[in-house]
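Asker: Before anything else, here's the structure in question.
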Amino acid sequence: TGAVTVSTRLLVVLNPHAGRGPAAAAWAAAEPILRAAGCTPQLVETKRPGHARELLAALPRGACDAVVVAGGDGSLHEAVNGLMAAGTPRPPLGLIPAGTGNSLAADLECLDPHQAARAIIDGRTRPLDVMEVRLGPAGDRGAGAAAASAAVGAAPALPRTLYAFNIVGWGLAADAGARAQWLRRRAPWLGWRRYGVANLLELLRRRVRPARNSAASRPPPAHAPATCTRHRHRARPRAQPAPAATRTTP
Numbered sequence: 191t192g193a194v195t196v197s198t199r200l201l202v203v204l205n206p207h208a209g210r211g212p213a214a215a216a217w218a219a220a221e222p223i224l225r226a227a228g229c230t231p232q233l234v235e236t237k238r239p240g241h242a243r244e245l246l247a248a249l250p251r252g253a254c255d256a257v258v259v260a261g262g263d264g265s266l267h268e269a270v271n272g273l274m275a276a277g278t279p280r281p282p283l284g285l286i287p288a289g290t291g292n293s294l295a296a297d298l299e300c301l302d303p304h305q306a307a308r309a310i311i312d313g314r315t316r317p318l319d320v321m322e323v324r325l326g327p328a329g330d331r332g333a334g335a336a337a338a339s340a341a342v343g344a345a346p347a348l349p350r351t352l353y354a355f356n357i358v359g360w361g362l363a364a365d366a367g368a369r370a371q372w373l374r375r376r377a378p379w380l381g382w383r384r385y386g387v388a389n390l391l392e393l394l395r396r397r398v399r400p401a402r403n404s405a406a407s408r409p410p411p412a413h414a415p416a417t418c419t420r421h422r423h424r425a426r427p428r429a430q431p432a433p434a435a436t437r438t439t440p
């Protein structure tokens with residue numbers, strides 16, 4: 191795509207609780223750069239977990255020229271799932287990193303809000319691989335998910351199909367992730383260290399997760415608890431500079 195023009199309408203989805211709350215500061219740093227380039231951002235703050243997914247899943251076609259997430263990996267995960275649920279054509283997706291881990295932003299070598307804003311202005315987009323994960327029946331979320339919910343309290347109901355842009359975790363990874371979110375509320379002073387603490391706590395519990403894994407070209411049997419499909423597109427060259435703006439594709 192070409193560079194951003196004066197007609198570019200940006201829907202900015204901001205998670206005020208991302209990381210330790212730096213999303214507003216990150217957006218305050220990026221907004222003047224975008225406006226100076228002629229962008230017209232519309233800011234929407236999320237109010238609860240899952241809100242970004244709901245907003246973007248119901249986004250009318252042509253409502254904006256691009257979506258920008260000001261938040262962390264969790265906010266971006268919700269945005270990707272919302273855009274995938276909305277169907278095609280999907281607007282380009284940009285990121286102003288403001289989370290705790292900022293895993294994707296680190297992969298893109300774009301952790302600075304000013305740099306991210308300039309990458310969005312440049313208007314360069316690239317395909318982003320998305321994995322489709324089909325969950326089992328509503329009453330069979332698996333031992334890992336059930337244990338994680340029990341450890342941290344009731345979890346919100348998940349859709350039966352999820353999309354991942356980074357990793358898919360099960361068992362210990364899911365338990366540690368849920369524990370880290372629990373620590374975010376109970377021990378906010380830990381900051382990013384909560385992930386290490388969460389992994390250590392779950393390792394000490396020594397839970398065993400029986401599982402069956404298979405790799406085949408044919409569809410999985412109907413009774414399989416979960417399947418994972420990767421939507422693969424053009425490979426990313428290693429030497430290519432990585433902008434912050436990406437486009438989700440099925």
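In this text, residue positions in the sequence shown follow the numbering used here: the first is 191, and each later residue adds one. Ideal placement from N, C-alpha and C gives every residue a C-beta, glycine not left out. Predicted model, so just to flag it, every value in this text is computed and none were measured.
#1: Starting from the N-terminal side, write out each stretch of the alpha helix (DSSP H) that is 4 residues or longer and does not extend beyond the region 200–231.
#2: DSSP on arginine 324, reduced to helix/strand/coil?
#3: Taking Cβ positions, are leucine 244 and glycine 272 nearer each other than 8 Å?
#4: Taking Cβ to Cβ, would you say threonine 290 is nearer than 8 Å to glycine 359?
#5: Just mark isoleucine 357 as buried or exposed, buried being the case when its beta carbon has 16 or more other beta carbons within 10 Å.
#6: Please identify the residue among Ala247, Ala219, Leu200 whose C-alpha is closest to the C-alpha of alanine 256.
#7: For leucine 352 and aspartate 312, what's the separation of their Cα atoms in angstroms?
#8: Buried or exposed: histidine 267, going by 16 or more other Cβ atoms within 10 Å of its Cβ?
#9: For glutamate 299, name the three-state secondary structure that DSSP assigns.
#10: Do alanine 242 and serine 265 count as a contact pair if the criterion is CB distance below 8 Å?
#11: Identify which residue in Pro378, Ala370, Arg376, Ala401 has its Cα closest to the Cα of asparagine 389.
#12: Could you spell out where the alpha helix (DSSP H) holding alanine 370 opens and where it closes?
#13: Pick from Leu285, Trp379, Glu322, Leu301: whose alpha carbon is nearest that of arginine 314?
#14: With H, G and I counted as helix, E and B as strand and the rest as coil, what does DSSP make of valine 270?
#15: My understanding is that alanine 275 touches leucine 204, with C-beta atoms under 8 Å, so please give their C-beta distance in whole angstroms.
#16: Exposed or buried, glutamine 232, counting other C-beta atoms within 10 Å across all chains shown (16 or more means buried)?
#17: Between the C-alpha atoms of leucine 373 and leucine 391, what's the straight-line distance to the nearest angstrom?
#18: Take proline 212 and list the residues in its own chain whose beta-carbon comes closer than 7 Å to its own, dropping the five residues that flank it on each side.
#19: Judging by CA-CA distance, which residue of Pro206, Arg375, Val398 is the nearest neighbour of lysine 237?
#20: Please report the residue range of the alpha helix (DSSP H) in which leucine 390 lies.
#21: Helix, strand or coil for alanine 276, going by three-state DSSP, please let me know.
#22: For my contact list, glycine 367 and arginine 399 are in at a C-beta cut-off of 8 Å; report their separation, rounded to the angstrom.
#23: Whose C-alpha, out of His304, Ala269, Arg280, Pro279, is nearest the C-alpha of alanine 486?
Answerer: To lay it out plainly:
#1: 213–226
#2: If you number the sequence shown from 1, residue 324 lands on position 134. The answer is strand: DSSP assigns arginine 324 an E or B state.
#3: Start at 1 with the first residue of the sequence shown, and residue 244 comes out as number 54. Start at 1 with the first residue of the sequence shown, and residue 272 comes out as number 82. Looking at the sequence provided, one finds glutamate at residue 244 rather than leucine. In contact: glutamate 244 and glycine 272 (Cβ atoms closer than 8 Å).
#4: Walking along the sequence shown from the start, residue 290 turns up at place 100. Walking along the sequence shown from the start, residue 359 turns up at place 169. No. Outside cutoff.
#5: Position 167 of the sequence shown holds residue 357. So isoleucine 357 ends up on the exposed side.
#6: Locating residue 256 in the sequence shown gives position 66, counting from the first residue. Per the Cα distances, Leu200.
#7: Position 162 of the sequence shown, counted from the start, is the residue given in the question as residue 352. Position 122 of the sequence shown, counted from the start, is the residue given in the question as residue 312. Using only the alpha carbons, I get a separation of about 30 Å.
#8: Counting from one through the sequence shown, the residue named residue 267 turns up at place 77. That one is buried.
#9: On the sequence shown, residue 299 is found 109 positions in, with the first residue counted as 1. It is coil, neither helix nor strand.
#10: In the sequence shown, the residue the question calls residue 265 occupies position 75. In the sequence shown, the residue the question calls residue 242 occupies position 52. Result yes, Cβ atoms of serine 265 and alanine 242 sit closer than 8 Å.
#11: Taking the first residue of the sequence shown as 1, we reach residue 389 at position 199. For the residues Pro378, Ala370, Arg376, Ala401, the minimum Cα distance to asparagine 389 belongs to Ala370.
#12: On the sequence shown, residue 370 is found 180 positions in, with the first residue counted as 1. Its alpha helix (DSSP H) spans residues 362–376.
#13: Your numbering for residue 314 matches position 124 in the sequence shown. It is Leu285 whose Cα lies nearest to the Cα of arginine 314.
#14: What you label residue 270 is simply residue 80 of the sequence shown in a count that begins at 1. Helix at valine 270.
#15: The residue you call residue 275 lines up with position 85 of the sequence shown. The residue you call residue 204 lines up with position 14 of the sequence shown. Wrong, their Cβ atoms sit about 20 Å apart, outside the cutoff.
#16: Within the sequence shown, numbered from 1, the residue matching residue 232 stands at position 42. Classification of glutamine 232: exposed, given that the 10 Å Cβ count is below 16.
#17: On the sequence shown, position 183 is the one that residue 373 refers to. On the sequence shown, position 201 is the one that residue 391 refers to. Approximately 11 Å between the Cα atoms of the pair.
#18: What you label residue 212 is simply residue 22 of the sequence shown in a count that begins at 1. Once the five neighbours on either side are set aside, the close Cβ partners of proline 212 are Ala288.
#19: For the purposes of this step, residue 237 is identified with residue 47 of the sequence shown, where counting begins at 1. Looking at the Cα atoms, Pro206 is the closest of the given residues.
#20: Translated into positions along the sequence shown, residue 390 becomes position 200. It spans 384–395 - the alpha helix (DSSP H) in which leucine 390 sits, taken as one unbroken run.
#21: In the sequence shown, the residue the question calls residue 276 occupies position 86. DSSP places alanine 276 in helix when its eight states are reduced to three.
#22: Along the sequence shown, read from residue 1 onward, the residue named residue 367 stands at position 177. Along the sequence shown, read from residue 1 onward, the residue named residue 399 stands at position 209. Actually they are not in contact, since the Cβ atoms of glycine 367 and arginine 399 sit about 14 Å apart, beyond 8 Å.
#23: Nothing about residue 486 can be reported from this structure: the residues present for the chain run from 191 to 440 only.
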